[in-house]
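Protein chains in written order, with our numbering: chain A, 82 to 318; chain B, 82 to 318.
Everything on this sheet refers to the single structure shown next.
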DNA sequence: TAGACGGATTTGTGATCACATTACTGCGGC
DNA sequence: GCCGCAGTAATGTGATCACAAATCCGTCTA
């Protein structure tokens with residue numbers, strides 16, 4: 082068959098097996114990916130910085146192959162970029178691209194929040210508790226002036242909320258956006274010192290406990306808008 | 082430096098070079114990727130079908146390495162999936178995931194259309210002409226009962242319109258969604274025989290020539306809604 | 001002092017190989 | 001007739017190597 086495809090006839094060995102990795106062990110490329118991803122999300126990698134396959138491989142003590150896979154995966158998610166020559170670098174999104182990314186967040190995240198509110202109706206308490214913890218971490222990061230910690234905690238807050246929506250496809254889209262904005266937002270919050278941030282998370286928690294999905298969506302929209310405004314402000318500097 | 086990163090000091094060799102491929106030549110992995118991507122977009126690969134690296138490599142006459150890169154890239158875009166054991170297959174999205182994907186399209190595509198209308202204000206004529214051609218191809222595919230051709234032409238229509246928005250980040254998100262819905266939609270249109278499709282493209286073209294971005298966005302929303310309804314209907318079968 | 005040039009080094013790409021693990025085939029037992 | 005099991009074939013992962021191309025560095029020239 083063309084392209085080496087094989088059609089698994091339904092009902093005849095169609096079951097998805099459980100081959101692969103020896104139970105719990107995760108492949109090397111996955112470890113590399115998760116490491117790089119976490120550092121990008123919290124903005125530990127400077128926009129404009131360049132990576133090398135051999136460098137990544139040596140740092141994480143693997144061969145070039147898993148490093149390649151992880152880097153290419155991040156490139157596919159636009160979390161890393163390749164120059165025309167194939168050099169790897171942490172992208173520095175243009176102002177216009179940042180605007181696009183926030184526009185997408187503004188469209189997608191309120192929807193995700195709305196779904197989370199609806200899906201978590203019968204288990205609001207534990208969700209609220211988890212979110213409250215994340216919010217405390219955010220406050221702590223603000224007090225400490227820890228921009229990287231702030232970005233990480235803020236991402237965790239949103240991730241926890243949206244996870245309740247149980248919408249993996251939407252979640253994947255949003256996470257892809259976060260990966261792209263991460264490095265820049267770290268820089269943004271570093272520049273403005275996490276000052277004067279209006280707390281929309283409080284409103285979000287209230288809406289959630291009130292079972293008001295519309296209000297929750299609105300709070301998240303305001304939160305995203307605030308981030309967009311900051312990014313725009315910082316981009317103008 | 083950690084993780085093998087090197088920070089390119091701005092102003093000191095910071096220019097993005099033009100290394101890499103010898104001018105116009107595209108890497109083997111890119112060719113494999115484009116081939117697989119095109120086939121997924123138009124639904125030439127059946128949901129549930131399985132691929133093998135060696136099979137893909139042999140089909141396109143390359144070694145296993147570029148095949149791996151291309152496949153992993155598509156996996157990152159959720160256009161292909163890996164079983165827990167690492168087997169590669171064309172995903173068969175659950176009904177709930179399809180609904181998510183269409184919800185995302187419904188949020189993102191009208192926005193992209195709106196931006197296209199605004200950005201293409203001073204060059205509407207050539208855009209309209211291009212879109213009209215794509216629409217003719219769609220009609221032809223419908224007449225011929227060619228489901229695969231329909232999906233391809235329909236995708237091309239939307240892609241042409243959104244390209245005018247010059248919003249690469251948003252475009253990447255939408256294309257990622259298309260890759261995920263492609264195989265299923267091919268199946269959907271094959272099942273219902275491209276019957277009884279209301280033509281929202283006509284309304285879109287009118288709105289575009291009227292410079293009415295709101296009406297254009299509405300037409301696109303209707304178009305996406307129709308696709309969502311068909312998918313839901315087909316999923317129920 | 002600034003710019004251009006040439007060579008050494010670095011880098012990504014692609015190919016091939018070894019290996020652990022899993023999926024598949026056919027056979028035997030209940 | 002159906003299920004389970006052993007042996008074989010196939011698959012993805014990771015490592016290593018060769019190579020072409022581009023970046024980087026020092027030097028020379030105007």
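Built from N, CA and C at the ideal position, the CB exists for glycine as well.
Bear in mind the structure is a predicted one, so any value in this text is a computation, not a measurement.
When DSSP states are grouped into helix, strand and coil, residue 162 (chain A) belongs to the strand group.
Taking 8 Å as the Cβ-Cβ cut-off, the region 249-278 of chain A approaches chain B at 249, 250, 251, 253, 254, 257, 258 and 261, given in chain order. Distance between residue 272 (chain A) and residue 252 (chain B), taken at the CA atoms: about 30 Å. Taking the Cα of residue 243 (chain A) as reference, the smallest distance to any Cα among A:269, A:223, A:114 and A:200 is reached at A:200.
In this structure, the alpha-carbon of residue 284 (chain A) lies about 6 Å from that of residue 300 (chain A). Contact note: residue 299 (chain A) does not reach chain B at a C-beta cutoff of 8 Å; the least C-beta distance is about 16 Å. Taking residue 203 (chain B) as reference, the option from B:123, B:159, B:292 and B:296 with the minimal CA-CA separation is B:292. As DSSP reads the structure, residue 169 (chain A) sits in a beta bridge with A:132 and A:163.
Judged by DSSP secondary structure, residue 263 (chain A) falls within the alpha helix (DSSP H) whose first and last residues are 249-273. Of A:305, A:264, A:120 and A:189, the smallest CA-CA separation from residue 280 (chain A) is found for A:305.
Secondary structure of residue 303 (chain A) (DSSP, three-state): helix. By the beta-carbon neighbour count (other beta carbons within 10 angstroms, threshold 16), residue 263 (chain A) is buried. Classified as exposed, residue 207 (chain B) has fewer than 16 neighbouring CB atoms from the shown chains inside 10 Å of its CB. Between the beta-carbon of residue 258 (chain A) and that of residue 186 (chain A) there is about 6 Å, and that keeps the pair under the 8 Å contact cut. Rounded to whole angstroms, the Cβ separation of residue 174 (chain B) and residue 182 (chain B) is 7 Å, and the two are in contact under 8 Å. With contacts defined as CB atoms closer than 8 Å, residue 138 (chain B) and residue 144 (chain B) qualify as a contacting pair. With respect to the 8 Å criterion, residue 298 (chain A) and residue 269 (chain A) are not classified as neighbours on the basis of their beta carbons. Contact between the region 149-168 of chain A and the region 154-161 of chain B is present, with at least three C-beta pairs closer than 8 Å. With fewer than 16 neighbouring CB atoms inside 10 Å of its own CB, residue 115 (chain B) falls in the exposed class. Close partners of residue 188 (chain A) in chain B (Cβ separation under 8 Å): 188, 189 and 192. Taking C-beta atoms as the reference points, residue 232 (chain A) and residue 267 (chain A) count as a pair closer than 8 Å. The CB of residue 111 (chain B) never comes closer than 8 Å to any CB in chain A; the least such distance is about 11 Å.
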